[in-house]
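> Numbering (UniProt numbering), first residue to last: 1 to 129. Would you mind keeping the following structure in view while I ask a few things?
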Amino acid sequence: MKSLTNLREAIIVAHNRGKKQTEIADFFGISQGAVSKAIKRFEETGSNQDRPKGRPEKTARNRRNIMRAREMIQRNPTTKANSHPNVESLKKALTKAWNEITLDTLVKIVDNFPKRLKKCIDSNGGYFE
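Rendered as structure tokens:
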């Protein structure tokens with residue numbers, strides 16, 4: 001929709017010239033919320049373009065992840081989905097793996113979390129690396 005993109009562009013121009021959101025809303029005859037959303041969208045994406053239509057493909061069950069799982073199984077066919085006979089066995093394995101994680105690794109994970117969270121938000125729940 002060309003006119004909506006042009007309106008968003010005009011809102012950003014006015015905002016960059018120091019106009020208040022209420023002034024912009026009054027000038028264009030739209031709600032202050034619409035102005036706020038247009039500015040927020042531009043600041044987050046750097047674009048005034050419409051977002052893609054339709055629902056995004058689910059991350060967990062997309063073709064790429066299915067292919068990756070198949071490749072992992074082909075590389076190591078002895079891996080079993082139920083490799084632990086009971087919950088207690090699984091708990092022991094998880095506890096052992098947890099205890100092997102170094103403090104340095106945990107610090108790196110925690111420090112990296114804000115960056116990964118931002119990527120997750122920016123991808124709108126889609127795939128990201």
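Glycine is no exception: its CB is placed at the ideal position from the N, C-alpha and C atoms. If you're wondering where the values come from, they're calculated on a predicted model, not measured in any experiment.
Nearest by alpha-carbon distance to Ile39: which of Asn16, Lys91 and Ala60 is it?
That would be Asn16, whose Cα lies nearest to the Cα of Ile39.
> State the CB to CB distance for the pair Asn62 and Tyr127, rounded to an integer number of angstroms; the pair is presumed to be in contact (CB under 8 Å).
Right, their Cβ atoms sit about 7 Å apart.
> In angstroms with no decimal places, state the Cα-to-Cα distance between Arg41 and Asp111.
Cα-Cα distance, rounded: 27 Å.
> What's the C-alpha gap between Asn6 and Gly54?
Taking the straight line joining both Cα atoms gives about 22 Å.
> Please list the terminal residues of the continuous alpha helix (DSSP H) segment that includes Thr105.
Per DSSP, Thr105 belongs to the alpha helix (DSSP H) from Leu103 to Asp122.
> Return the Cβ separation of Gln21 and Gln32 in integer angstroms, given the expectation that the two are a contact with Cβ distance under 8 Å.
Contact flag correct, Cβ pair sits at about 5 Å.
> Tell me whether Leu4 is buried or exposed, calling it buried when 16 or more other Cβ atoms sit within 10 Å of its Cβ.
Under this definition Leu4 is an exposed residue.
> Let me confirm a value: Val35 is counted as buried when at least 16 other C-beta atoms fall within 10 Å, else exposed. Which label applies?
Buried, since its Cβ has 16 or more Cβ neighbours within 10 Å.
> Is there a Cβ of chain D sitting closer than 8 Å to that of Arg116, yes or no?
Here there is only one protein chain, and chain D is not present.
> Work out the CA separation of Met72 and His84 for me, nearest whole Å.
Spanning the two alpha carbons is a distance of roughly 19 Å.
> First and last residue of the alpha helix (DSSP H) that includes Phe128?
Run containing Phe128: none; DSSP gives neither H nor E here.
> Name the residue from Thr45, Asn76, Ile66 and Arg70 whose alpha carbon lies nearest to the alpha carbon of Asp122.
Of the listed residues, the one whose Cα sits closest to Asp122 is Thr45.
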